[in-house]
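Chemist: Before I ask anything, here is the structure I am working with.
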Amino acid sequence: MAADTLTELGEFLIGRLDEVVLPEPADGVIIQSDLTAVVTGKAPAAIAAAAVREAGAVWRFTAASVRSALDAGWLAADLLRELGPVPQPLEYLINDVDRRHGHVRVREVRCCVTADEATAAEIAHRLPGFTLLAPTVLSSSDSPANVLALLRKAGYAPIGESPAGAVVVERKAEHRAVPTAPADRDTLGADELAARLVAEPHVPIEGGPTFDRLTRQNRTLSQVELALLADAIDREGDVVIGYRDRTGNRTVRRIRPEQLLTGWLDSWCYLREDEREFAVANIESVEAAR
49 MAADTLTELG
59 EFLIGRLDEV
69 VLPEPADGVI
79 IQSDLTAVVT
89 GKAPAAIAAA
99 AVREAGAVWR
109 FTAASVRSAL
119 DAGWLAADLL
129 RELGPVPQPL
139 EYLINDVDRR
149 HGHVRVREVR
159 CCVTADEATA
169 AEIAHRLPGF
179 TLLAPTVLSS
189 SDSPANVLAL
199 LRKAGYAPIG
209 ESPAGAVVVE
219 RKAEHRAVPT
229 APADRDTLGA
239 DELAARLVAE
249 PHVPIEGGPT
259 FDRLTRQNRT
269 LSQVELALLA
279 DAIDREGDVV
289 IGYRDRTGNR
299 TVRRIRPEQL
309 LTGWLDSWCY
319 LREDEREFAV
329 ANIESVEAAR
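Here our numbering is used: the first residue of the sequence shown is 49, the next is one more, and so on.
Here it is as structure tokens:
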């Protein structure tokens with residue numbers, strides 16, 4: 049027999065042996081009592097969802113992997129049915145995780161409203177956008193400011209709270225200094241005023257609405273210092289103040305006053321590089337900024 053013919057016959061027989069003697073391995077799962085599964089071929093959906101691949105064909109069930117399957121929408125009963133007969137330790141694990149799953153729930157809200165039970169129920173019934181979480185707690189997806197406005201419009205008298213639960217005291221701006229062009233004013237600038245006061249200690253102090261308000265709110269500053277501060281407020285200029293905070297600490301700040309409120313001075317603080325409110329009564333000295 050020719051060599052070529054023998055070669056072709058050999059290749060044919062080898063191909064037949066592959067088909068008959070060495071078939072494709074069948075998929076299979078062996079679940080063991082140590083919470084592992086040996087998977088031959090492609091892992092079934094229940095295994096892939098509730099176990100993690102440990103090494104090669106070995107998959108392991110853990111509390112975290114079972115919880116991940118429940119998070120993805122699987123039910124414990126469906127997992128047990130899909131896995132078939134399972135060892136008792138795995139059944140206990142799946143049922144234990146299922147019993148605790150969802151015990152703590154997380155809901156996205158922008159603010160919550162607390163009230164007595166009757167008022168909370170009334171708000172949930174009357175106003176849209178509120179969900180009753182508990183007999184005395186409602187949630188809303190709107191901002192705290194909008195919720196306060198909505199409740200006040202509906203006839204309630206709510207107050208705001210900080211994230212820590214402290215009452216937020218709302219202060220309305222009572223005064224906004226409007227800068228006036230120098231040509232429209234006869235008063236001196238801060239530097240000129242300070243220089244003139246040093247040279248002429250008895251120069252008369254020009255009053256005005258801002259000066260008068262500061263006089264009522266601070267009893268310790270001299271008239272010169274009050275005049276400097278009033279001028280800075282009216283012109284939105286810079287001054288340097290000595291300040292004592294509510295804990296008694298004293299600091300020196302360069303500020304640019306922006307609004308004079310009742311008892312408070314809303315200013316830009318150069319030290320903090322941010323807006324700050326200073327109690328007018330706690331300002332102990334005022335100097336012209338250089």
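By construction, the Cβ of each residue, glycine as well, lies at the ideal position given by its N, Cα and C atoms.
#1: Would you check if there are 3 or more beta carbon pairs closer than 8 angstroms linking the stretch 132-139 to the stretch 79-92?
#2: Reducing DSSP to helix, strand and coil, say where residue 307 ends up.
#3: Between residue 340 and residue 195, is the Cβ-Cβ spacing less than 8 angstroms?
#4: Taking the DSSP output, what are the residues bridged to residue 333?
#5: Per DSSP, what are the beta-bridge partners of residue 184 in this structure?
#6: State yes or no: is the C-beta of residue 108 within less than 8 angstroms of the C-beta of residue 83?
#7: Measuring alpha carbon to alpha carbon, tell me which of 103, 98, 208, 279 ends up nearest residue 110.
#8: Exposed or buried, what is residue 319 when buried is set at 16 or more other beta-carbons lying within 10 Å of its beta-carbon?
#9: If you check the beta carbons only, do residue 325 and residue 313 fall under 8 angstroms apart?
#10: Hey, would you say residue 296 sits closer than 8 angstroms to residue 333, going by beta carbons?
#11: Nearest to residue 176 by alpha carbon, out of 202, 154, 330, 166?
#12: Which class does residue 148 belong to by DSSP, given the choice of helix, strand or coil?
#13: Could you pull the start and end residues of the alpha helix (DSSP H) that residue 195 belongs to?
#14: Residue 92 to residue 149, Cα distance in whole Å?
#15: Would a C-beta distance cut-off of 8 angstroms place residue 168 and residue 185 closer than the cut-off?
#16: Below 7 angstroms CB to CB, which residues in the same chain sit around residue 215 once its five sequence neighbours on both sides are set aside?
#17: Using the three-state DSSP reduction, which class does residue 113 fall into: helix, strand or coil?
#18: Mapping DSSP to helix, strand and coil, what is residue 207?
#19: Within 10 angstroms of the Cβ of residue 250, are there 16 or more other Cβ atoms? Answer buried if so, exposed if not.
#20: Kindly list the residues whose CB is nearer than 6 angstroms to the CB of residue 101, restricted to its own chain and excluding five residues on each side of it in sequence; keep chain order.
#21: Taking DSSP as the reference, what is the three-state secondary structure of residue 276?
Modeler: Walking through what the data contain:
#1: Yes, they touch.
#2: DSSP places residue 307 in strand when its eight states are reduced to three.
#3: Here the chain comprises residues numbered 49 to 338, so residue 340 is not present and cannot be evaluated.
#4: Looking at the DSSP assignment, residue 333 forms a beta bridge with 290.
#5: Note: residue 184 sits in no beta bridge, so no partner.
#6: yes
#7: In this structure, 98 is the residue among 103, 98, 208, 279 with its C-alpha nearest to the C-alpha of residue 110.
#8: exposed
#9: yes
#10: no
#11: 202
#12: helix
#13: 192-201
#14: 23 angstroms
#15: yes
#16: 207, 209
#17: helix
#18: coil
#19: Note that residue 250 scores 48 on pLDDT, short of 50, meaning its location in the model is unreliable; the coordinates nonetheless yield the value given after this. Looking at its Cβ environment, which holds fewer than 16 other Cβ atoms inside 10 Å, residue 250 is exposed.
#20: For residue 101, where only same-chain residues beyond five positions count, the Cβ hits under 6 angstroms are 107.
#21: It is helical.
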